[in-house]
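Protein sequences appear in the order of chains A and B.
Counted from 1, the first sequence has number 67 at position 68 by numbering that gives the first Met the number 0; the numbering is strictly sequential.
Counted from 1, the second sequence has number 130 at position 131 by numbering that gives the first Met the number 0; the numbering is strictly sequential.
All residues carry an ideal CB built from backbone N, CA and C; glycine is no exception.
Here's the structure, in structure tokens; my notes come after.
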Amino acid sequence: MSERIDGLTRRWRAVVSIVVAGVATGGLLWWLHTLPPSAIPWTYASAGHVTRSIPYDTVNDVWLLVRAGLGLYISGVFVIIALQLLGTWRRLLVSTEEAPAPSESVGEVSD
Amino acid sequence: MATATRSEAVLQRFGDVQVYVHAALATSILVLWLTGLPLTFNEVLGWLVVLFGHGTIVIVHVAAGVLLILTGLFYLVYAVLGLLSGTTSLRGMASLPRLRDAREGIDHVKYLIGLAGEPDYGKYTVLQKAEIWIIAFETVVMSVTGLGLWYLGVLNTQSPNLTMLIVRDVHAIVAVTMLMGVVFHLFMTHVKEFPMDQSIFDGTVGVGRACQEWAGWAEREVGTSDVPCEETTHSTILTTGMVVTMLLFGIIWTGVILQYVLAPLPTGPSLLSNVAPNALPGGLLGGIYLVGLNLAAIVIVLSIVAIGYGLLRRWRIST
Numbered sequence: 000m001s002e003r004i005d006g007l008t009r010r011w012r013a014v015v016s017i018v019v020a021g022v023a024t025g026g027l028l029w030w031l032h033t034l035p036p037s038a039i040p041w042t043y044a045s046a047g048h049v050t051r052s053i054p055y056d057t058v059n060d061v062w063l064l065v066r067a068g069l070g071l072y073i074s075g076v077f078v079i080i081a082l083q084l085l086g087t088w089r090r091l092l093v094s095t096e097e098a099p100a101p102s103e104s105v106g107e108v109s110d
Numbered sequence: 000m001a002t003a004t005r006s007e008a009v010l011q012r013f014g015d016v017q018v019y020v021h022a023a024l025a026t027s028i029l030v031l032w033l034t035g036l037p038l039t040f041n042e043v044l045g046w047l048v049v050l051f052g053h054g055t056i057v058i059v060h061v062a063a064g065v066l067l068i069l070t071g072l073f074y075l076v077y078a079v080l081g082l083l084s085g086t087t088s089l090r091g092m093a094s095l096p097r098l099r100d101a102r103e104g105i106d107h108v109k110y111l112i113g114l115a116g117e118p119d120y121g122k123y124t125v126l127q128k129a130e131i132w133i134i135a136f137e138t139v140v141m142s143v144t145g146l147g148l149w150y151l152g153v154l155n156t157q158s159p160n161l162t163m164l165i166v167r168d169v170h171a172i173v174a175v176t177m178l179m180g181v182v183f184h185l186f187m188t189h190v191k192e193f194p195m196d197q198s199i200f201d202g203t204v205g206v207g208r209a210c211q212e213w214a215g216w217a218e219r220e221v222g223t224s225d226v227p228c229e230e231t232t233h234s235t236i237l238t239t240g241m242v243v244t245m246l247l248f249g250i251i252w253t254g255v256i257l258q259y260v261l262a263p264l265p266t267g268p269s270l271l272s273n274v275a276p277n278a279l280p281g282g283l284l285g286g287i288y289l290v291g292l293n294l295a296a297i298v299i300v301l302s303i304v305a306i307g308y309g310l311l312r313r314w315r316i317s318t
């Protein structure tokens with residue numbers, strides 16, 4: 000398998016990838032289309048929705064776990080954003096003040 | 000890595016495939032927001048529904064979702080083929096997380112608090128790698144939850160079950176968090192030069208900027224440690240003000256999303272009706288939502304136009 004595609008150029012890699020991705024996406028959509036409906040009848044209760052087959056406490060526990068995961072993810076995104084912003088600020092201002100005098104020589108850049 | 004003169008010297012940063020994958024992913028994600036936001040927050044973005052029609056918006060949303068999945072799968076297959084054919088290697092994939100990233104993360108924090116100089120970043124800084132992988136994670140979550148909602152939820156004529164209600168909320172929360180991340184990405188990466196940074200379209204970056212932002216990578220690419228860095232001056236008040244504003248904006252945005260995440264169980268009888276998470280508060284906070292979400296819609300439209308402009312410019316240059 001590896002030997003067969005050893006000779007693939009970048010262009011061929013792209014063409015094969017487009018075809019494989021197209022077939023995989025189409026296959027995924029077709030497979031999903033064959034799945035039966037998953038709706039479970041529910042009844043409204045003051046504490047939320049209660050399905051006939053799943054106890055409210057179970058659903059609540061699952062949702063709590065999902066919320067904990069989402070909270071971690073959202074906090075993580077914010078931390079990364081904040082660190083990037085502060086890094087940009089420090090580079091733009093503080094580093095400029097601390098930077099030594101620029102060198103006159105320019106390195107040779109090869110092709 | 001070609002260069003001409005000191006001022007014109009550039010380094011190749013992105014290949015053709017990266018340029019087009021970025022454009023396809025960005026376009027699909029932006030269109031998903033432009034159509035998904037009015038479906039979710041139809042109180043404040045109802046004008047989009049009136050303008051294009053609910054049915055059209057749903058169809059475009061699904062089509063953009065298919066493009067997102069297709070692009071994600073394409074890049075995955077392309078990377079795997081590269082590894083199998085030996086064209087690329089795990090070592091050569093600059094965006095993969097590595098052990099030294101942990102060290103670089105600590106060095107970055109030291110740099111921020113003034114205990115060390117700026118680390119010699121590689122092609123991507125540790126935070127940029129984190130951004131790339133978070134977007135990959137978000138793409139997977141949005142694809143899976145979106146497909147679930149479409150095939151198992153919305154198309155269903157019966158009432159949705161609780162799992163679908165949770166899936167709907169996860170879909171909406173991750174979308175809004177992703178929107179926050181991308182707004183900052185636009186600010187810190189693409190709106191650096193007027194009218195916008197062209198690196199992601201022409202694939203190149205000036206040596207001066209590369210030296211300033213990714214010194215380690217620039218030195219390796221140029222082949223010398225004496226790389227001329229960009230020399231720019233910035234107004235302390237303006238730059239600090241802008242960064243503080245963006246940080247406050249991020250804190251408020253994060254707070255709003257976390258507040259929703261900490262809300263009680265998802266409620267509502269239908270995936271498409273006017274219930275949580277699109278039930279927005281009234282009063283002043285409702286006004287802030289109204290302005291904020293409409294501003295987001297305008298930024299999204301401008302970003303789609305910018306991608307079109309960038310690609311057009313690339314094609315004009317190449318021909």
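In angstroms with no decimal places, state the Cα-to-Cα distance between residue i and residue j.
i	j	result
A214/B	G121/B	7 Å
W11/A	Y110/B	44 Å
W132/B	T55/B	32 Å
M177/B	F186/B	14 Å
G254/B	A67/A	15 Å
L38/B	W32/B	10 Å
F73/B	A23/B	11 Å
L289/B	L44/B	8 Å
H60/B	G26/A	20 Å
T87/B	G71/B	18 Å
R315/B	V20/B	19 Å
V16/B	G285/B	42 Å
V274/B	V169/B	With a pLDDT of 42 at V274/B, under the threshold of 50, the modelled position of this residue cannot be trusted, and the question is left open.
L164/B	V58/A	11 Å
G85/B	E103/B	29 Å
I297/B	A305/B	12 Å
W149/B	I134/B	22 Å
L98/B	G116/B	20 Å
Y123/B	A171/B	29 Å
V247/B	M241/B	Residue 247/B is actually Leu in this sequence, not Val. In a straight line, the C-alpha of L247/B is about 10 Å away from that of M241/B.
With distances taken between CB atoms, is the gap from residue i to residue j smaller than 7 Å?
i	j	result
L31/A	L146/B	yes
M245/B	L84/A	yes
T144/B	V166/B	yes
L67/B	S27/B	yes
G205/B	C228/B	no
I80/A	G249/B	yes
L92/A	T235/B	yes
I256/B	I73/A	yes
I303/B	L29/B	yes
A20/A	L301/B	no
F40/B	L292/B	yes
V354/B	T203/B	One cannot answer for residue 354/B here, as it falls past the ends of chain B, which runs 0 to 318.
S16/A	V108/B	no
D201/B	R313/B	yes
Counting along the chain, where does the alpha helix (DSSP H) carrying residue i start and finish?
i	result
F20/B	Note on identity: in this sequence residue 20/B is Val, with Phe being the wrong assignment. That run of the alpha helix (DSSP H) goes D15 to T39.
L10/B	L10/B -> not in any alpha helix (DSSP H); beta strand (DSSP E) instead, spanning V9 to Q11.
T33/A	R9 to T33
G45/B	G45 to F51
S142/B	V125 to L146
A115/B	Here A115/B belongs to no alpha helix (DSSP H), and DSSP marks it neither H nor E.
Y308/B	G282 to S317
Taking 6 Å as the cut-off, is the C-beta of residue i nearer than that to any heavy atom in the ligand SAM?
i	result
F73/B	This structure lacks the ligand SAM; in fact it carries no ligand of any kind.
State buried or exposed for residue i, treating a residue as buried only when at least 16 other CB atoms are found within 10 Å of its CB.
i	result
A44/A	A caution first: A44/A carries a pLDDT of 40, below 50, which makes its placement in the model unreliable, though a value can still be read off. Looking at its Cβ environment, which holds fewer than 16 other Cβ atoms inside 10 Å, A44/A is exposed.
T33/A	exposed
Q11/B	exposed
I251/B	exposed
N277/B	Here N277/B scores only 48 on pLDDT, less than 50, and its place in the model is too uncertain to base an answer on.
I320/B	Since the first and last residues shown for chain B are 0 and 318, residue 320/B lies out of range.
A209/B	buried
W88/A	buried
L36/B	buried
W46/B	exposed
P118/B	buried
D60/A	exposed
In chain order, which beta strand (DSSP E) runs of at least 3 residues are fully inside the stretch 172 to 259 of chain B?
-> 203 to 205
Which runs of the beta strand (DSSP E) fall wholly inside the stretch 44 to 109 of chain B and span at least 3 residues, in chain order?
-> none
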